[in-house]
Structure formats: C-alpha cells, structure tokens
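Report on one structure; see the data block that follows.
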Amino acid sequence: MLFRDREIMSWCFFDWANSAFPTNVVTFIFSAYFIQFIAENSIIGTGQWGLMQSLAALFVAFFSPIFGSIADHAGYKKRWLLFFTFVCIGSVLMLGDIHPDSSQAFQALILVFFGILGFEFGMVFYNSFLSKIAPSGMIGMISGFGWGFGYFGGLASLYLIYTLFASPNALQEGNPLDIASVMPFVAFWFLLFSLPFFLFVKESVPKIRRRILPSFLGGIRNFLSFFSTLRKHNQIVLFLIARMLYADGLITLFTFGGIFAATIFSLNIGEVILFGILINITAGIGSFAFSFLDETLGSKKVILISLGFLIALCTILFFSTSEKSFWFFGIPLGFFVGPIQASSRALLAKMAPKKMSTKFFGVFAFSGKATSFLGPALVGWATVYFGNQRAGMIVIILFLVLGYLLLSRVGKLKVFNA
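All you need for our numbering is the position in the sequence shown, starting with 1, plus 1194.
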C-alpha cells in the first residue's frame, strides 16, 4: 500500500531530494573543503563555520513559528515550500564559483547561510504535510520511511560525487574545479527529485483568497494568539524543550562531524566522504528499522532508546585516539540518529491538531534551533580557547544527556492524529 500510494511516495522523495544539501554542503564535502582549503587555517575556519551556523540557527528559530502561523492563516503552503526550495538551490549553485582562497571565505559563509535558511524554512512546510498524507495509524511508519529515503538520498548523492567528482588527489591539490562540479550537481539533484512533491502532493485551496499584507498581518496576530494556547499543551511544550536540547546535540554532531573526522582523526577528504556514505547507510537502515517499532513501542520510547546508544557511542569516541576506533564506533552513530529525527517528527504530527500543524512545526523548528547556536558556538569557542578541537566534542554529549533526562520526564501525551 505504502509504495503504491503516489502522494505518500512523492512526499518521501522530497526527503530524498533535499538531503543532498545538508549531507554534501553542511556536513561533509563543502564544510571540510572550507576548513582545509578556504579558511586561513583549520582553527580559525572551525570558529567561522560555528559562528555562521549559530547565526543561521537564530534566524530559523525566530522566523519559523511566524512563517508557520502565516501559512496556516493564508494557506498555499506548497508555494512557501517552493520559494524556500529555490532559495536553497540558488545558494548551492553559487557555491560552485567559490575558489580555494581565504579572500572568499566570507562569500562562502554567506551563501551557506542562505542555503541553510532555505532548507530549514522549507522543512517547516514540508513536515506539516505529514499528518495530511498519512493514513490512520501510519504516521510513525511514514515519517521513518521519509527519513530513510532522505538518508539514502544523501548516500546516493555522496556516492555519485565520490565516483564522479571528488577525487582525493584533486582536492588535496586545491583544484577548484571539483567544487565547481559538485555544487551544481547537488543543486540539480535537489531540483529534480523535489518535482514529484510539487506535482502530486495535494493541498486544499483556501476558500478565501487573501492579499499579501492582510495575510502577513493576520498571520502575525495568529502567531501571537497561538502562544497563549500552548498552556493547554504543557506536555507538548515539555517535549519540545527536551527536543530543543537533544536536537542541539545532533546539529552540532552533524555540523562538525566531517571536521572532527578530518582534523582529530586525520581522515583525508576522500575518507571523510566515505565516512559520510557509511553514516548514511546506517542512518537509513536505522530509520527504516525503527519505523516499524514506532507504532508498537511508541515514539517516545524509540527516541529514548536511540539517545541512550548515541550518548554511549559519543562518549567512547571522545576518549578514542586511533583511526580504527573512529571507524568502529563512529559508523553506528547513524543507526540511532535516524530514528531520533523520524520519531520526533512523528510524535509531533500525532499530537498537533491538523488545522494548527504548520504552527506547531514552526515551533518544532524553533525548538530545534532556539538554542542550537549554543552548540556550534561552544564548540567553536572551546576549539579556539584550548587550541584543540577535541575539547569541543564534550559539548555534543552534554546536550544529548540533558535532552534524554528531560524527555524521560514527559508524561502521557494526548494524541490528535493516530
């Protein structure tokens, strides 16, 4: 049934499409390229990358709930998603013109900044469609399948880049033609595989067509009144605070994963790409495997189990010194990251009333970004202050532990969409 439903598959393929951006730009290829070949040195580059991520997170945290309220008030969520998709794609295309020169560091950071905004704002509207396209009792499974598609989409794009463009020798020589080829490829991937969503996922047309300014003002009023209703959903608020903490740990892990691999464990750019491929394999497998458990164990238990294993693996890696231990304990990280993300999305989709879904996913984005500037900023600060990148790794573990402890205190949740 799942694979024969065109609308559900089109929704899942958007995850496949947009995952090329965080995988190849934010986490692995361009981040490592920036640190090693564009920044003045690896220490300064790590600090600059962390600051850029922090500023982007602040913008996403502040504006996501507002955009969600405007969209719920005025409708046309697909148009919002289309606009932000093109913002992300356009930014990635322009990254192809960046050369391995420290004079272009600021331009590179600005383009990645706008790419992140386009990606993250788009996810607010994309996630809000989950409760609309999922049949009763299948929200957790479809969310897991979507994340699985996303990870394997990241895997497929990484594999093609690894075989077609990102020769380790060429990158070590500082050849800008590699990035000039890779970035347009990422943009084309995103564009091509997002088309099924815009063609086949249905959206109810608003009965009343509102002009831009009244829609904006009405959305702002809607946004302000929405926060007064959150008192009726105190357990959801507690969940979102817990999610805010552990999501900060995940964001920091993915932001600096490729950088840690390249600098602390001395992997070259080719090995970083290979690590990214293997992480996406385990993450995809984990997302698919836990999607079947989500409806039986419950989304909260899936998140807690996955967080527990993730904390243990990160702690082992913190004390590890050899490259072998990095490969052995680093690759399984993905298996537990995927279920955390998928089950968090599923849990909110089950709890949020459908008419308020975009608002809640705006707050969901807020909870994932409101303090996420702290993680990259603290890693960047610790790296510069101690002159050692390993000092920043403890930040990731701290946020994961705090998120686990708070989520364990969340009680029984009222479910609107089973």
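The beta carbon of each residue, even a glycine, is placed where N, CA and C say it ideally should be.
Beyond the five residues adjoining it in sequence on each side, T1509 comes within less than 7 Å, by CB distance, of I1591 in the same chain, given in chain order. By the neighbour-count criterion, in which a residue is buried when 16 or more other Cβ atoms sit within 10 angstroms of its Cβ, P1570 is buried. With a beta-carbon spacing of about 20 Å, S1337 and A1214 fall beyond the 8 Å limit used to define contacts. If the five residues before and after G1290 are omitted, its C-beta is found closer than 6 Å to the C-beta atoms of A1374, M1377 and P1378, all from its own chain and listed in chain order.
Where D1442 is concerned, the enclosing alpha helix (DSSP H) starts and stops at N1428 to T1457. Taking one beta carbon from each stretch, the segment 1537-1552 and the segment 1467-1480 have fewer than 3 pairs nearer than 8 Å; the two do not touch. A Cβ-Cβ separation of about 7 Å places G1586 in contact with F1450 under the 8 Å criterion.
CA-to-CA, the gap between F1319 and L1249 works out to about 21 Å. Distance from the CA of I1479 to the CA of I1534, rounded to the nearest whole angstrom, comes to 13 Å.
Taking the CA atoms as reference points, L1487 sits about 22 Å from G1347. Closest in C-alpha terms to L1276, from the list F1307, E1314 and Q1242, comes E1314. Remark: fewer than three beta-carbon pairs, one from each stretch, lie closer than 8 Å, so the segment 1288-1307 and the segment 1509-1524 are not flagged as touching.
Per DSSP, the continuous alpha helix (DSSP H) segment holding E1314 begins and ends at A1299 to N1321. Note on the segment 1507-1569: whole alpha helix (DSSP H) runs with a minimum of 4 residues are 1517-1524, 1527-1545 and 1551-1563, in chain order. I1458 places its beta carbon 7 Å or farther from that of R1273. With fewer than 16 other Cβ atoms from the protein chains shown falling within 10 Å of its own Cβ, D1295 counts as exposed. With respect to the 7 Å criterion, F1387 and F1207 are classified as neighbours on the basis of their beta carbons.
Taken in chain order, the whole alpha helix (DSSP H) runs of length 4 or more contained in the segment 1217-1302 are 1223-1227, 1236-1268 and 1271-1289. Distance between K1426 and A1546, taken at the CA atoms: about 12 Å. For R1200, same chain residues with a beta-carbon under 6 Å away, outside a window of 5 residues either side, are F1394 in chain order.
Annotation: G1241 to A1576 spans about 9 Å, alpha carbon to alpha carbon. Shown here for S1225: same chain residues with a beta carbon closer than 7 Å to its own, the five before and five after excluded, namely W1243, G1452 and I1453 in chain order. In the three-state reduction of the DSSP assignment, R1603 falls in the coil class, being assigned neither a helical nor a strand state.
For F1448, the closest alpha carbon among the candidates T1217, F1300 and T1565 is that of T1217.
Rounded to the nearest angstrom, the gap between the Cα atoms of I1435 and K1396 is 32 Å.
With fewer than 16 other beta carbons inside 10 angstroms of its own, G1331 counts as exposed.
The Cβ atoms of V1573 and I1505 do not sit closer than 7 Å to each other. Distances from the alpha-carbon of T1515 to those of S1485, A1455 and L1432 put A1455 closest. In this model, Y1270 and P1259 are separated by some 16 Å (Cα to Cα).
At the C-beta level, Y1440 and L1501 come within 7 Å of one another.
The continuous alpha helix (DSSP H) containing D1209 extends over residues R1200 to N1212. Judged by beta-carbon spacing, L1498 lies beyond the 7 Å limit of F1523, meaning their Cβ atoms are not closer than that value. Selection I1327, V1380, S1602 and S1204 evaluated against Y1353 yields V1380 as nearest (Cα-Cα).
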